[in-house]
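Asks:
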DNA sequence: TCTATAGTTCGGGAAAATGGAACTATTGAA
DNA sequence: TTCAATAGTTCCATTTTCCCGAACTATAGA
């Protein structure tokens, strides 16, 4: 099994990020990893929005997110620990991920209502 | 020739926008339309970054941008006038397009240095 | 009416995504 | 140790999507 490839942050391409997040399953996975306060395994997403995702497809989705520079994956025993690289991406493309995740929230009706006192 | 379809702004999907802009040719076309102060024709983009784009492909690219809700296309005589729908999209997904276009600028080394006077 | 121009549509080949089956790596128990 | 179980990966056939040449449509002007 070849080692996992993680691009250096300055090799991260906007095109790859947009492509990775243009898939609804990957967008879901990424937003949940980004929101989580501890690493998430791949199998944590064996179903997304009541749809079962075959594990070969899941593996591909994680690879796309990883190679786009959005997540970091590290083997921990038998499972994989995935964490987001939001902070790094924010350094390279300021405001990009917050805007996309905000839009994602708008679309799913989860927008945090601003404190309009 | 069937009439051109333009989605209503509240039917615009984040997924479609990200997909549309994840292609380098479309990203170029869109940023130039968005930056222009007058409508752009399709044939204005018959070559992008020194690469010739066949007109059947161009037509498809414009269709993807249009159906994603990013541009408005209107026949004007023999040609097509394309304008951006940035303002509408901004209303639906605040900050999204500025962030993507900012990232695009970062990647192409065209970043506008903020007036840190 | 004829010609030129600007785009669209069609259709076939190329490339990418999907998912089942087989494989690999690690753990823990017998 | 070996064996079984678990978590992911890789392979490969099928399906879907993308690309672009060729044919077509629509409009303008001579």
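Chains as they are written, first to last, in the working numbering: chain S, 15 to 131; chain L, 15 to 131. Yeah, the Cβ is synthetic: ideal placement off N, Cα and C, and Gly gets one too. It should be emphasised that the depicted structure is a prediction, and the values quoted were computed from it without experimental measurement.
Out of S:70, S:33, S:81, S:51, point me to the one whose CA is closest to residue 21 of chain S's CA.
Replies: One-based indexing of the first chain puts residue 21 of chain S at position 7. Ranked by Cα distance from residue 21 of chain S, the options S:70, S:33, S:81, S:51 are led by S:81.
Asks: Go through its chain and collect everything with a Cβ distance to residue 18 of chain L's Cβ below 7 Å, but skip five positions before and after it.
Replies: Here residue 18 of chain L refers to the residue found at position 4 when the second chain is read from its first residue. Correct list, in chain order: 80, 87.
Asks: Using a Cβ cut-off of 8 Å (strictly closer), state whether residue 109 of chain S contacts chain L.
Replies: Here residue 109 of chain S corresponds to residue number 95 of the first chain, with the count starting at 1. Taking Cβ atoms only, chain L reaches closer than 8 Å to residue 109 of chain S, which makes this a yes.
Asks: In chain order, which alpha helix (DSSP H) runs of at least 4 residues are fully inside the segment 29-62 of chain S?
Replies: You should have 38-49.
Asks: Just list the residues that DSSP pairs residue 95 of chain L with in beta bridges.
Replies: Position 81 of the second chain, counted from the start, is the residue given in the question as residue 95 of chain L. Beta-bridge pairing links residue 95 of chain L to L:88.
Asks: Taking the alpha-carbon positions, what's the residue 66 of chain L to residue 91 of chain L distance?
Replies: Start at 1 with the first residue of the second chain, and residue 66 of chain L comes out as number 52. Start at 1 with the first residue of the second chain, and residue 91 of chain L comes out as number 77. So the two alpha carbons sit approximately 25 Å from each other.
Asks: Residue 64 of chain L and residue 42 of chain L - do their beta-carbons sit closer together than 8 Å?
Replies: As a first step, residue 42 of chain L is located in the second chain; it is residue number 28 there, counting from the start. As a first step, residue 64 of chain L is located in the second chain; it is residue number 50 there, counting from the start. Contact flag unset, no.
Asks: Just the chain L side, please: which residues come within less than 8 Å of residue 116 of chain S by C-beta, in chain order?
Replies: Here the question's residue 116 of chain S lines up with position 102 in the first chain. For residue 116 of chain S, the residues of chain L that pass the 8 Å Cβ criterion are 107, 108, 109, 110, in the order they occur in the chain.
Asks: Look at the Cβ atom of residue 71 of chain L, then the Cβ atom of residue 33 of chain S, and state whether they are nearer than 8 Å.
Replies: Indexing the second chain from 1 puts residue 71 of chain L at position 57. Indexing the first chain from 1 puts residue 33 of chain S at position 19. No. Outside cutoff.
Asks: Along chain S, in chain order, which residues have C-beta atoms closer than 7 Å to that of residue 36 of chain L?
Replies: Counting from one through the second chain, the residue named residue 36 of chain L turns up at place 22. 29, 32, 33, 36, listed in chain order.
Asks: Taking Cβ to Cβ, would you say residue 85 of chain S is nearer than 8 Å to residue 47 of chain S?
Replies: To locate residue 85 of chain S, count along the first chain from 1; it is residue 71. To locate residue 47 of chain S, count along the first chain from 1; it is residue 33. Going by C-beta atoms, residue 85 of chain S is nearer than 8 Å to residue 47 of chain S.
Asks: Would you mind telling me which residues of chain L sit closer than 7 Å to residue 113 of chain S, beta carbon to beta carbon, in chain order?
Replies: Within the first chain, the letter at position 99 stands for residue 113 of chain S. Simply 109, 110, 113.
Asks: If the cut is a Cβ gap below 7 Å, which residues of chain L does residue 62 of chain S touch?
Replies: Walking along the first chain from the start, residue 62 of chain S turns up at place 48. Within chain L, no residue comes near residue 62 of chain S; the closest Cβ sits about 14 Å away, beyond 7 Å.
Asks: Roughly how many angstroms separate the alpha carbons of residue 69 of chain S and residue 55 of chain S, rounded to a whole number?
Replies: Counting from 1 along the first chain, the entry for residue 69 of chain S is found at position 55. Counting from 1 along the first chain, the entry for residue 55 of chain S is found at position 41. So the alpha carbons of these two residues sit roughly 12 Å apart.
Asks: Chain S beta carbons: is any one of them nearer than 8 Å to that of residue 81 of chain L?
Replies: Here residue 81 of chain L corresponds to residue number 67 of the second chain, with the count starting at 1. Not one chain S Cβ lies under 8 Å of residue 81 of chain L.
Asks: Could you tell me if residue 89 of chain L is buried or exposed, where buried requires 16 or more neighbouring beta carbons within 10 angstroms of its beta carbon?
Replies: Sequence index remark: in the second chain, residue 89 of chain L carries index 75 (1-based). Flag for residue 89 of chain L reads exposed.
Asks: Would you kindly work out how many angstroms separate the C-alpha atoms of residue 135 of chain S and residue 57 of chain S, rounded to a whole number?
Replies: In the structure as shown, chain S starts at 15 and stops at 131, and residue 135 of chain S therefore has no counterpart that could be examined.
Asks: Anyone know if the C-beta pair for residue 111 of chain L and residue 103 of chain L falls short of 8 Å?
Replies: Within the second chain, residue 111 of chain L is the residue found at index 97, counting from 1. Within the second chain, residue 103 of chain L is the residue found at index 89, counting from 1. In this structure, residue 111 of chain L places its C-beta atom within 8 Å of the C-beta atom of residue 103 of chain L.
Asks: Tell me whether residue 54 of chain L, by its Cβ, gets closer than 7 Å to a heavy atom of the ligand NAP.
Replies: Within the structure as shown, the ligand NAP is missing, as the structure has no ligands at all.
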